[in-house]
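Numbering (our numbering), first residue to last: 47 to 560.
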């Protein structure tokens with residue numbers, strides 16, 4: 047009997063069991079479940095708000111003509127590719143760093159002696175780079191490095207906290223935004239040529255016009271998303287939601303006014319988008335200034351080295367990830383404006399609905415980053431299990447909704463019969479891949495919460511290599527259908543990479559094998 051008990055205990059301790067841990071509690075309103083939903087629901091709404099606004103843009107532009115729709119589709123693909131290269135590493139790193147720093151501050155407030163505070167803040171060697179603040183009662187303290195390398199408590203005169211990772215994110219976001227705007231404006235034509243829009247293509251003029259104008263909003267986008275990463279690190283996803291909704295509602299209102307009333311066409315859509323992004327950035331900056339000190343006390347407070355080290359890893363990852371989608375869009379564009387128009391509509395829906403799962407990824411990342419900083423492995427395990435289970439259920443629901451809804455709703459985007467025919471071919475892929483997509487996104491959040499940036503980068507590069515080969519082979523042999531088969535393979539491999547890390551109990555999840 048003791049041997050049987052030990053065997054059962056070993057089975058329960060197997061890393062694979064994390065995926066089924068407390069599955070019966072999935073819909074229970076316990077503390078962890080409510081915390082996940084409290085973070086995930088506003089985050090999901092905020093993440094889907096912008097793609098929904100893009101869908102509205104697509105719907106309006108689709109009624110101008112299929113050429114304009116295809117042109118904007120190519121421009122958005124280029125813009126998103128370049129944006130994600132900068133945005134994704136910045137937001138992901140910011141969320142984890144701010145969550146860790148915030149957790150360290152909370153741990154430190156529980157300590158009364160300076161030596162205990164030092165131990166709590168620097169138990170993890172990587173945390174030695176952090177310059178953090180401690181709010182002890184009514185007095186705010188800051189941990190400052192002394193000449194001998196030890197840390198001591200220094201009293202501050204103000205009540206607002208200074209989070210050094212937040213200040214670093216804002217500086218980096220502003221710089222990247224300016225660089226992106228300059229790059230896209232100067233390189234619009236060659237980038238579009240690379241995407242298959244040649245000089246004699248009717249798509250070139252509207253595509254170049256839209257891309258150039260929309261690039262003017264890049265600084266606002268990078269800055270606002272850096273601030274969203276900061277708020278996520280504080281586990282506050284409501285403030286970014288309110289700001290995003292305000293901006294996107296403004297975009298939707300301005301679209302028909304500028305496009306049709308003022309006769310600006312695709313340029314009007316781009317201008318409406320720019321205005322909305324600067325409004326979002328302004329609201330977030332205003333709310334953030336009320337919460338923390340944005341200006342660093344010195345240049346040494348900025349954690350550029352730490353951001354760059356992990357940011358470059360995620361940069362390689364995001365280039366590999368988005369290149370697959372951008373390549374798919376390029377291949378659709380090479381098949382003509384009809385194929386590109388249908389692909390653009392399917393892709394926007396595919397990404398917009400899949401981003402609902404990114405809300406769970408944000409919740410998992412923020413909670414896990416705090417749990418790992420506090421070395422609370424039980425909470426880390428429970429959080430990973432719960433968000434993955436939520437992701438699977440969400441994916442199944444989305445699959446059913448899209449499978450039924452798209453058969454009736456595709457005419458909202460275009461009245462071109464040929465485009466509608468291709469959309470009907472893509473619908474089964476868009477609907478059936480939702481559970482796969484949901485788990486892939488949630489696994490990303492889980493790995494980022496564990497600061498497992500190295501594995502995330504290398505695994506995505508390997509996934510991208512296989513997926514790109516599939517894209518070339520399948521698109522040439524099966525055309526439009528082949529592109530969607532390749533994208534299905536791409537998302538399936540992403541999901542498997544996440545499953546492999548936790549399922550084998552490797553990397554930061556080694557404690558699952560104990």
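Backbone N, C-alpha and C define an ideal beta-carbon position, used for all residues, glycine too. As the structure is a computational prediction, the values presented were derived from the model and not from experiment.
Of the residues the options, the one placed nearest residue i, counting alpha carbons only
i, options, result
"residue 235", "471, 117 and 560", "117"
"residue 464", "379, 511 and 112", "112"
"residue 392", "93, 105 and 519", "105"
"residue 517", "537, 466, 503 and 499", "537"
"residue 560", "468, 530, 423 and 457", "423"
"residue 503", "357, 413, 406 and 283", "357"
"residue 320", "383, 211, 256 and 377", "256"
"residue 467", "373, 388, 215 and 529", "388"
"residue 547", "486, 519 and 529", "486"
"residue 394", "143, 469 and 382", "469"
"residue 332", "291, 285 and 352", "285"
"residue 279", "545, 85, 254 and 229", "85"
Rounded C-alpha distance that separates residue i from residue j
i, j, result
"residue 281", "residue 338", "15 angstroms"
"residue 364", "residue 309", "37 angstroms"
"residue 99", "residue 209", "32 angstroms"
"residue 558", "residue 511", "30 angstroms"
"residue 535", "residue 151", "43 angstroms"
"residue 239", "residue 421", "51 angstroms"
"residue 447", "residue 477", "8 angstroms"
"residue 441", "residue 532", "19 angstroms"
"residue 28", "residue 525", "The requested residue 28 is not part of the displayed model; the chain covers only 47 to 560."
"residue 75", "residue 246", "60 angstroms"
"residue 294", "residue 207", "31 angstroms"
"residue 523", "residue 412", "43 angstroms"
"residue 521", "residue 101", "25 angstroms"
"residue 109", "residue 297", "17 angstroms"
"residue 299", "residue 311", "15 angstroms"
Buried or exposed (CB count within 10 angstroms, at least 16 for buried), residue i
i, result
"residue 314", "buried"
"residue 385", "buried"
"residue 439", "exposed"
"residue 455", "exposed"
"residue 461", "exposed"
"residue 201", "With a pLDDT of 39 at residue 201, under the threshold of 50, the modelled position of that residue is not reliable, and no figure is offered here."
"residue 136", "buried"
"residue 184", "Confidence is the limiting factor: at residue 184 the pLDDT is only 39, short of 50, which leaves the residue's position unreliable, though a coordinate-based value still follows. That one is exposed."
Reduced DSSP category for residue i - H, G, I as helix; E, B as strand; rest coil
i, result
"residue 338", "strand"
"residue 208", "strand"
"residue 496", "coil"
"residue 381", "coil"
"residue 98", "helix"
"residue 241", "coil"
"residue 226", "helix"
"residue 262", "coil"
"residue 420", "coil"
Contact under 8 angstroms by Cβ, residue i with residue j
i, j, result
"residue 88", "residue 271", "no"
"residue 349", "residue 266", "no"
"residue 415", "residue 146", "yes"
"residue 360", "residue 134", "yes"
"residue 11", "residue 398", "Residue 11 falls outside the range modelled here, since the chain spans only 47 to 560, and no answer is possible."
"residue 495", "residue 376", "no"
"residue 122", "residue 115", "no"
"residue 540", "residue 492", "no"
"residue 259", "residue 222", "no"
"residue 484", "residue 403", "yes"
"residue 490", "residue 553", "no"
"residue 334", "residue 65", "no"
Any non-hydrogen atom of the ligand PLP within 7 angstroms of residue i CB
i, result
"residue 329", "As for the ligand PLP, it is missing from this structure, which has no ligand bound."
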